[in-house]
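Report on one structure; see the data block that follows.
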Amino acid sequence: MKLQLILLLLQLLENVPLSLSIKACSELPNVPFARVSEVDRKAEYQEGDVIHFNCEEGYTSDHTSTFVCTSDGWISTRLGTCFSCSELPDIPHASVSEDTRKDVYQQGDMLRFTCDPGFRSDLPITYVCGSEGWVSIRKGSCYSTTIRCEQPPSHGGLRIKGLPRNNGPIPPDHVLTFSCDSPDKVLIGSSVLICGREGQWNNPIPTCTGTKCLTPDLDGNAQVTTEQKTSYNIGDRVTYTCKNDNRRSVTITCDRGSWTGIQSCNAFNSTPRTSVTCCN
């Protein structure tokens, strides 16, 4: 009886390391876009077992991912990356150049695009096959040789960067940057415009306006009660009263080259007194 118990205990002790390694390797490693090769697939893995991963259909790898089962779990001995360059980039109005066309692309392969007839690109359109798929290294775009955006005006105090040389046509996707030619002016509108595919700017062409206001042009009944100057900055205020009603006080404000507010005493002649809000 004692002999049987001893033999049973020895058998249990022999199985402890095996059961621990089985438990440690019960969960397979996660290799994106890959699965364990059929040759290595088992219901249970023991310490020392080696598994290899094959990429899923449509994917390839620079190296075969290999793992070994240890008492601490799976340890990577070689780790590859499964990637796919089977789906080519979609470039409008362009097709793959014949010299780079292949049935299967490997990591490091180059892909060049040629614009369709009637279209052109100012930059080469080039991609490289990488571990995350196709990556653009020269991102040109094909635009129609007949579609153009209108030239912006060359006056009005605008500075324009990005205009084609010799007043050349402005193609789609072309970018212009606008600023004012004087610090005393402010830009009204977007400072960056992009020529659209249909030959229209993505925003209205901006304008420049002065930041200073001239002496307000008030009518003869107005009497200014604040300091009078020849020019006013943004935010400056001028207050006046009307000679026929000096209890009424009106304030106007300089806002980017023009005055905001009522600038005539005549405007109050037909306005009921109770509806007027003074601006002190």
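Numbered according to mature numbering (1 follows the signal peptide of the UniProt record, and there is no 0), the sequence shown spans residues -21 to -1, 1 to 259.
Cβ coordinates follow ideal geometry from the N, Cα and C atoms, glycine included.
I'd like to know whether the C-beta atoms of residue i and residue j end up nearer to each other than 7 Å.
| i | j | result |
| --- | --- | --- |
| L102 | G119 | yes |
| T60 | S115 | no |
| V29 | V18 | no |
| P148 | R176 | no |
| A3 | S44 | no |
| I167 | P185 | yes |
Output the boundary residues of the beta strand (DSSP E) element that contains residue i.
| i | result |
| --- | --- |
| K164 | K164 to I167 |
| A246 | It is not in any beta strand (DSSP E) - A246 carries neither H nor E in the DSSP assignment. |
| Y106 | I104 to G109 |
| Y219 | R216 to C221 |
| R14 | A13 to V15 |
| S161 | No beta strand (DSSP E) holds S161; DSSP gives it neither H nor E. |
| T239 | S237 to T239 |
| I30 | V29 to C34 |
| T186 | T186 to G189 |
| C94 | M89 to C94 |
Whose C-alpha, out of the options, is nearest the C-alpha of residue i?
| i | options | result |
| --- | --- | --- |
| T188 | G136, Y219 and G147 | G136 |
| H72 | I184, S243, C121 and I126 | C121 |
| D196 | S243, L166, D152 and G178 | S243 |
| N145 | Q130, L193 and T230 | Q130 |
| G183 | P132, G112, I70 and R117 | The residue asked about is misnamed: residue 183 is Pro in this sequence, not Gly. When only C-alpha atoms are compared, the closest one is P132. |
| D82 | I70, E66 and F92 | E66 |
| R91 | T205, R80, I241 and G97 | R80 |
| G37 | Q85, W53, T124 and N245 | Q85 |
| T39 | G87, S55, A22 and S74 | G87 |
| D160 | T239, T190 and G178 | T190 |
| Q179 | D163, L155 and P162 | L155 |
| T230 | Y106, R57, G240 and D224 | G240 |
| I70 | D78, S55 and R99 | R99 |
| T117 | P68, R20 and G27 | Thr is not the amino acid found at residue 117; the sequence shown has Arg there. Nearest of P68, R20 and G27 to R117, Cα basis: P68. |
| H31 | F157, H42 and A22 | H42 |
| I139 | D95, S158 and E26 | S158 |
Kindly indicate which three-state DSSP category residue i falls into: helix, strand or coil?
| i | result |
| --- | --- |
| L(-2) | In this prediction, L(-2) has a pLDDT of 47, which is less than 50 and means its spatial position is unreliable; nothing more can be read from the coordinates. |
| C257 | With a pLDDT of only 36 at C257, under 50, the local geometry of the prediction cannot be trusted, and the value read off the model is given with reservation. DSSP places C257 in coil when its eight states are reduced to three. |
| N181 | coil |
| R144 | helix |
| T45 | strand |
| T230 | strand |
| T79 | helix |
| L58 | coil |
| I213 | coil |
| L(-10) | Reliability of the predicted coordinates at L(-10) is poor, the pLDDT of 44 falling under 50, and the value obtained from them is presented with this limitation in mind. The answer is helix: DSSP assigns L(-10) an H, G or I state. |
| T124 | coil |
| L197 | coil |
| G97 | coil |
| K208 | coil |
Should residue i be flagged as near chain B, meaning a C-beta pair shorter than 7 Å?
| i | result |
| --- | --- |
| S243 | Among the chains in the structure shown there is no chain B, since it carries only a single protein chain. |
Would you be able to state if there are at least three C-beta pairs under 8 Å between the stretch 189 to 201 and the stretch 166 to 174?
no
Three or more C-beta pairs under 8 Å: does that hold for the stretch 231 to 251 against the stretch 208 to 216?
yes
Do three or more CB pairs link the stretch 7 to 22 to the stretch 59 to 77 at distances below 8 Å?
yes
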